[in-house]
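> The numbering of the sequence shown is the numbering used here, which starts it at 4 and goes up by one.
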Amino acid sequence: MRKVGLTGGIGSGKSTVAQVFQTLGVPVYSSDLASRRLMNEDPAMIAAITTAFGSGAYVDGRLNRAFLASVVFKDPAQLALLNAIVHPATIRDGEAWIAAQTGPYAIRESSLIFEAGMQAQFDVIIGVSAPAALRIRRVTERDGSKPEAVQERMRNQIQEDIKMRLCDFVILNDDQHPVLPQVLDIHHRLTAHSTA
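(1) Quickly, what does DSSP pair G64 with across the bridge? List them, please.
(2) Within the same chain, show all residues whose beta-carbon is closer than 8 Å to that of K77, passing over the 5 residues directly before and after it, in chain order.
(3) In chain order, what residues of the same chain have a beta carbon less than 8 Å from the beta carbon of V23, not counting five sequence neighbours either side?
(4) Are the beta-carbon atoms of L193 and V20 separated by less than 8 Å?
(5) Hey, how far is the Cα of I52 from the Cα of A195?
(6) What first and last residue would you give for the alpha helix (DSSP H) that runs through S220?
(7) What is the rounded straight-line gap between the Cα of A55 and the Cα of V62?
(8) Measuring only the C-alpha atoms, how far is F70 from G57?
(9) Determine the direct distance from the alpha carbon of V89 to that of S38, and round the result to whole angstroms.
(10) Short of 7 Å in beta carbon distance, which residues of its chain neighbour I4, apart from the five on each side in sequence? Order them along the chain.
(11) Flag this pair as yes or no: are the beta carbons of S132 and N176 separated by less than 8 Å?
(12) What separation, rounded to the nearest whole angstrom, lies between the Cα atoms of D171 and G130?
(13) Taking the alpha carbon of G14 as the reference point, which residue from L169, A152 and D188 has its own alpha carbon closest?
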C-alpha cells in the first residue's frame, strides 16, 4: 500500500479535496482533526500545553483554541513550542493509523508536511494550490477571522509556490478548474501504479 501525503496552505481547500478522495473510497487521515482530538483527550499533551501556556489554554476541560491562537500566531517562538508538543504525537498517531489501512493507497492530510520534515514518510505527496487572495477570503468566510490574522498564519507556512514545487502532484483549487477531474486523474494513476 502506498502512503500518500496531502498538503497545502491554509484556505487552499485540502479538506474539500480530501472529501473527494474519501468519496472514491480512499482512507483519509486528517492531521488537523487528529491534533484537535489529541489536544483534548491525550493527558500528556494536555499537561504539556497547560504547563507551556498557562491555565487559560483550557476552559472547562476543553482546549481554548481562540486563546492559544492569539498567543502562538503572533510569536514564532510560542508557535514552535506548541508544534514541538503537538506534532510528534500527531505524527505517531498518523503513522499508527496508516499502518492499519489496506487498499492501493491511503492519504494523510497535513498542512505542515514539509515544515515538520515529514516528507520522507510518504511515497507520493499531493499539493492543493489556490491563489492567496482566494485563500484569505475562504478562511475569513469560514472562520470569521480577520484578513490580517489569516496572513499572519500564512507567513508561518512555506511559500505556496515553493511547497507546490516539492509535491509529486498539484491540484489547482482556484474556483476556475474543476477539482473532481484532477482528483480522478491522480486516483487512477495511483491505483494503476499499485496494481502494475
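C-beta atoms are modelled at their ideal positions from N, C-alpha and C, and glycine is treated no differently.
Quick answer:
(1) Your numbering for residue 64 matches position 61 in the sequence shown. Answer by DSSP bridge pairing: none, since G64 is not bridged.
(2) Counting from 1 along the sequence shown, the entry for residue 77 is found at position 74. Around K77: E155.
(3) Counting from 1 along the sequence shown, the entry for residue 23 is found at position 20. Within the same chain, V23 has close Cβ partners V182, L183 and V186.
(4) Position 190 of the sequence shown, counted from the first residue, corresponds to residue 193. Position 17 of the sequence shown, counted from the first residue, corresponds to residue 20. Their beta carbons are not under 8 Å apart, which means L193 does not touch V20 by this criterion.
(5) By one-based count along the sequence shown, residue 52 stands at place 49. By one-based count along the sequence shown, residue 195 stands at place 192. Between I52 and A195, the C-alpha separation is close to 44 Å.
(6) Residue 220 cannot be examined here, being either before or after the span of the chain that is shown, 4 to 199.
(7) Taking the first residue of the sequence shown as position 1, residue 55 is located at position 52. Taking the first residue of the sequence shown as position 1, residue 62 is located at position 59. Computed Cα separation, rounded: 15 Å.
(8) The residue you call residue 70 lines up with position 67 of the sequence shown. The residue you call residue 57 lines up with position 54 of the sequence shown. If I take the Cα positions, the gap works out to 10 Å.
(9) Here the question's residue 38 lines up with position 35 in the sequence shown. Here the question's residue 89 lines up with position 86 in the sequence shown. If you take the alpha carbons of S38 and V89, they lie about 7 Å apart.
(10) The residue given as residue 4 occupies position 1 in the sequence shown. For the record, residue 4 in the displayed sequence is Met; it is not Ile. These residues qualify, in order along the chain: Q104, T105, G106, P107, Y108 and A109.
(11) Along the sequence shown, read from residue 1 onward, the residue named residue 132 stands at position 129. Along the sequence shown, read from residue 1 onward, the residue named residue 176 stands at position 173. In this structure, N176 lies closer than 8 Å to S132 by Cβ.
(12) The residue given as residue 171 occupies position 168 in the sequence shown. The residue given as residue 130 occupies position 127 in the sequence shown. Taking the straight line joining both Cα atoms gives about 8 Å.
(13) Within the sequence shown, numbered from 1, the residue matching residue 14 stands at position 11. The option with the nearest alpha carbon to G14 is A152.
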